[in-house]
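Each number in the working numbering comes from the position in the sequence shown (counting from 1) with 683 added on.
Backbone N, C-alpha and C fix where the C-beta goes; we use that ideal spot for every residue, glycine too.
These figures come from a predicted structure and were not determined experimentally.
Structure, as structure tokens:
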Amino acid sequence: MPKMKTKSAAKKRFKITGTGKVLYAQAGKRHGMIKRTNKQIRNHRGTTTLFEGDAANVKKYFLPNG
């Protein structure tokens, strides 16, 4: 049986922490900052953890070796 490959798109977008949670960068910061409030811009900084159900799917199908 061949090994499962990690999806190249997923390894650029997600990171698995030491405790097994999945981190991702928040959406909405690429362009159009002038129309967003300062609070929105501030709150979308950095990374956040994915919900458990979505994280399970990401780890199972996209990052099997992660």
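{"query": "I699, enclosing alpha helix (DSSP H) - first and last residue", "result": "It is not in any alpha helix (DSSP H) - I699 instead sits in the beta strand (DSSP E) that spans 697 to 699."}
{"query": "Simplified DSSP state of A710, which is helix, strand or coil", "result": "coil"}
{"query": "Pairwise C-alpha distance: A738 and V705", "result": "6 Å"}
{"query": "Own chain residues within Cβ distance below 7 Å of M668, not counting five before or after", "result": "The displayed coordinates of the chain run from 684 to 749. Any statement about residue 668 would go beyond what the structure contains."}
{"query": "Within-7 Å CB hit, T702 to chain D", "result": "Considering every chain present, this structure includes no chain D. It has just one protein chain."}
{"query": "Presumed contact (8 Å Cβ cut-off) between A710 and F745, rounded CB distance", "result": "The pair is not a contact, with the Cβ atoms about 17 Å apart (cut-off 8 Å)."}
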